[in-house]
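Residue numbers (the working numbering): 1 to 88.
By construction, the Cβ of each residue, glycine as well, lies at the ideal position given by its N, Cα and C atoms.
The model shown is predicted, which means the values in this text are computed figures rather than measured ones.
So the structure is just underneath, and the comments pick up after that.
In structure tokens:
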């Protein structure tokens, strides 16, 4: 699965459908605010792969993350190895 990072989004596309995890900047902090997976791409773990990819990228880039997206918050709760990236 190829995920592209552009325009403050991590995107995966297939057959014309785009799933993405977006963020906005709050100073130096990246706020992960939305994860969207169209029904046509649902049920295959696309959202989890987007979250994992985005958080791994954040670690590589030494980003600080705030999560306002419920999906990413639930992912981090199930994968506590990412907790160190989060700020209040």
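- Annotation: residue 12 to residue 77 spans about 23 Å, alpha carbon to alpha carbon.
- Boundaries of the beta strand (DSSP E) around residue 21: 17-26.
- Here residue 67 is bridged, per DSSP, to 32.
- In this structure residue 65 is buried. Its beta-carbon is surrounded by 16 or more other beta-carbon atoms within 10 angstroms.
- When secondary structure is reduced to three states using DSSP, residue 14 falls in the strand class.
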